[in-house]
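Protein sequences appear in the order of chains Z and V.
Residues in the first sequence are numbered consecutively from 2, following my numbering.
Residues in the second sequence are numbered consecutively from 920, following my numbering.
Yeah, the Cβ is synthetic: ideal placement off N, Cα and C, and Gly gets one too.
All values derive from a computational prediction rather than experimental measurement.
Taking it in order: structure first as structure tokens, then the write-up.
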Amino acid sequence: MPISKSTPFRMTAFRRSIVTMLVPSLGPIAVFVLVPIALTIGLSFTKWSTQTPFATASFIGLDNYAEIFSASSVGRDFKGALSNTALYSALSIALLLPLSVAFGLLVHQARLKGAEVLRTILFATYMVPMIAVALVFSKLYSPTEGPINQMLALIGLPRQPWLSSPDTALVSIVLLNVWQQVGYFTILVIAGLTQIPQSVYDAARIDGARGLRLFASITLPLLKRTLLFSAVIALINAVQVFEPVALITQGGPVGSTNVLTYHIRRVGIERAQGGLGSAMSVTLLLALVITVTAVFAFARSEPTGRGAK
Amino acid sequence: MAARDIYAPGEGAPLGRALLYALMIAIAVAAAFPLAWMVLSSLKTPAEAMQTPPVWIPATPSLDAYGKVTDLINAGRSFVNSAIIAGVTTTGILITSLMAGYAFSKYRFRGRDALFAITIATMFLPPIVTLIPLYRMIGSIGLSASLAGVILPNLANAFGIFLMRQFVAGVPDELLEAARLDGASEMRIVFTIVAPAVAPALAALALFAFVYHWNSYLWPLTVLQGNSDQYPIVISLSRLLSYNRSAVNTNLVMAGATLAVLPPLILFVFLQRFFVRTVTASGMGGQ
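So, in structure tokens, the structure goes:
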């Protein structure tokens, strides 16, 4: 039985152990996560230089928010970064989820030898530091001597400008991100697949369901919770993209890869416009909360199909 | 025997076994290609790096680039810095997560579930949201441009607590009661009874934390403010950017990237059993 008031364990000592066990972790989380969130919100209503103490911040109401949504260059840059991040996130999720389901089904075929090797290779890419991924892909994508264009030319496809054109730069970074993360989401899908009882398939087969039909009416609905979780994690990860932009594109060409993490850091740290940067951070946080809430609401309203919980 | 249905386990085979294998090999090659290309390119001579059509496999593999890049990015010092950041942070996370996981799963007290929910919510927070005030906070306690400033805010995290709570819950209460009757303190119980019982999960958490903080870029870059003596290897690597413009230096850049990739990959190879099992059992992973 877990300790509670009824066990012969003195109340004061019990209280003391709770505090002793929790303070080493919850203390730092409160100080270094919750306090900064409160500060970000508070500072977003002020004019404040990041290079000066918090006490120098002066209250200016909603001016920062008006500024970042205005038609000025500040507003244009921020709205650009917001829509770039939205596009980047949507593309990442749209590629990662179907690929991870396909790869997960493939690896989950326990009778195929070598499936574990594939899983290991896929997952290994997730361990590689993003900065190394960015360096390698900057070479792979090179329009003239890059191996990707060499291979495209070999099979008769047109060479692509990849990172050097505003039309393709953001997509190129999405692809690099998908390459790195697909293994992680595949593991999540495999975990979800192992929890689907064989009896559910057997029952459906007696009803005459086969192949794609089984996938659509059983596998997919029963993976719903896994996929919902994957989508949320993929979104949070996508918002954090920084290294390839900071290292290779610096937000360009013509602002096409200027994503929020990069933009907020440039405004709030490099240009030391702490109040303005904080307003951008709060906007990002609100956008995330709204999106995640909407995704869950949508998932709940959606009929889940036969056999779903 | 026919392979099972690709769409649903246990079904007969619309796709042949050969086709499934071909698919698996194609995916494995695509996944491994960038890393294989990185290593092969690091072994090329500058002349080979320049050649068109490109040389895929160097005729005379050379380690020259590694010697050069080691000086260029101050690799020795950078490795030590990375090891300190990742090592100290990981140790902190293991200790704090184990203790909190124990309290959240084995103690009953008012407000426990609310406290746990708030803690877990922080797991989904993108770091950029807190970056600006955190940067100032670390500066105002005099820790900017230092490794201590990089490490301090990361000594505890929600993911570790979540993971440990999940696994400590599986440790039988009888074991803990028996130790209490023998007069063991709660601290002693956590570190001598609970810790060994959840060793595989601790190993997985150690790998997660070490790799995450070895690879971490945004926070060290922000705190260290150009103090290059304190740079971890991932930030030192960005110095190679100026060499990245010309193909002559491809071998240098790729040698640097290979050096940074090796420690997390080697750790992964040794610990991957724990890793995969833990992600599978907990249904999540990351941070």
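Considering only beta carbons, the part of the region 257-274 of chain Z lying closer than 8 Å to chain V consists of Leu261, Thr262, Ile265, Arg266, Gly269, Ile270, in chain order.
One finds nothing in chain V with a Cβ atom closer than 7 Å to the Cβ of Leu96/Z; even the nearest lies about 13 Å away. In this structure, DSSP gives Lys48/Z an extended state, which the three-state scheme calls strand.
Under the criterion of beta carbons closer than 8 Å, Gly147/Z and Leu141/Z qualify as touching, at roughly 6 Å.
Straight across, the Cα-Cα distance linking Asp168/Z with Val175/Z is about 13 Å. The three-state secondary structure of Gln181/Z, taken from DSSP, is helix.
The bridge partners DSSP lists for Phe60/Z are Thr47/Z.
Between Ser282/Z and Val1048/V, the beta carbon gap of about 5 Å places them in contact (Cβ cut-off 8 Å).
Taking a C-beta distance under 8 Å as the contact criterion, Pro953/V and Phe138/Z qualify as a contact pair. Restricted to the region 1090-1149 of chain V, the alpha helix (DSSP H) segments that are unbroken, complete and at least 4 residues in length are 1092-1100, 1105-1108, 1118-1134, 1137-1143, listed in chain order.
Rounded to the nearest whole angstrom, the CA to CA distance from Phe1081/V to Val948/V is 35 Å.
In the three-state reduction of the DSSP assignment, Gln274/Z falls in the strand class, which pools E and B.
Taking the beta carbon of Ala1019/V as reference, the chain Z residues within 8 Å of it are Met22, Leu23, Pro25, Ser26, Leu27, listed in sequence order. If you check the CB distance, Gln241/Z and Pro1046/V come in under 8 Å. With contacts defined as CB atoms closer than 8 Å, Val1087/V and Val1113/V qualify as a contacting pair. DSSP places Met1042/V in no alpha helix (DSSP H); its state is neither H nor E. Taking 8 Å as the threshold, the shortest C-beta distance from Thr1015/V to chain Z falls below it. Assignment of Ala1019/V by DSSP, reduced to helix, strand and coil, places it in the helix class.
Considering only Asp208/Z, Ile265/Z, Tyr127/Z, Phe297/Z, the residue with the shortest C-alpha distance to Thr86/Z is Ile265/Z.
For Pro159/Z, no alpha helix (DSSP H) segment is defined, and its DSSP state is neither H nor E.
Here Leu1190/V has Ala1122, Ala1123, Ala1125, Leu1126 as same chain residues with Cβ atoms under 8 Å from its own Cβ, once five neighbours each way along the sequence are excluded. Val134/Z sits in a helix when the DSSP states are folded into three classes. Contact residues of the region 1094-1119 of chain V toward chain Z are Leu1095, Glu1096, Arg1099, Ser1104, Glu1105, Met1106, Val1109 (C-beta to C-beta distance below 9 Å).
By the criterion of at least three beta-carbon pairs nearer than 8 Å, the region 1000-1018 of chain V is in contact with the region 1059-1074 of chain V. Nearest neighbour of Ala116/Z by Cα position, chosen from Met1173/V, Ala945/V, Tyr1162/V, turns out to be Ala945/V.
Ranking Pro965/V, Val1167/V, Val1180/V, Thr1141/V by CA distance to the CA of Leu1156/V puts Val1180/V first. Within chain Z, not a single residue places a beta-carbon under 7 Å from that of Ala941/V; the smallest gap is close to 11 Å. For Ser90/Z, the enclosing alpha helix (DSSP H) starts and ends at 74-109. Residues of the region 1045-1058 of chain V whose Cβ lies closer than 8 Å to any Cβ of chain Z, in chain order: Pro1045, Pro1046, Ile1047, Val1048, Thr1049, Leu1050, Ile1051, Pro1052, Leu1053, Tyr1054, Arg1055, Met1056. Between the beta-carbon of Ser50/Z and that of Thr57/Z there is about 7 Å, and that keeps the pair under the 8 Å contact cut.
Excluding its 5 nearest sequence neighbours in each direction, Leu100/Z has C-beta neighbours in its own chain below 6 Å: Val183, listed in chain order. Annotation: the continuous alpha helix (DSSP H) that includes Ala937/V extends over 936-961.
Shown here, Glu146/Z sits in coil according to DSSP, grouped into three states, outside any helix or strand. Residues of the same chain with a CB within less than 6 Å of the CB of Gly276/Z, apart from the 5 flanking positions on each side, are Leu44, Thr47, Lys48, Trp49, Asn65 in chain order. Ser960/V is classed as buried because its beta carbon has at least 16 other beta carbons within 10 Å across all chains shown. Taken atom to atom, the span from the alpha-carbon of Leu286/Z to that of Tyr202/Z is near 41 Å.
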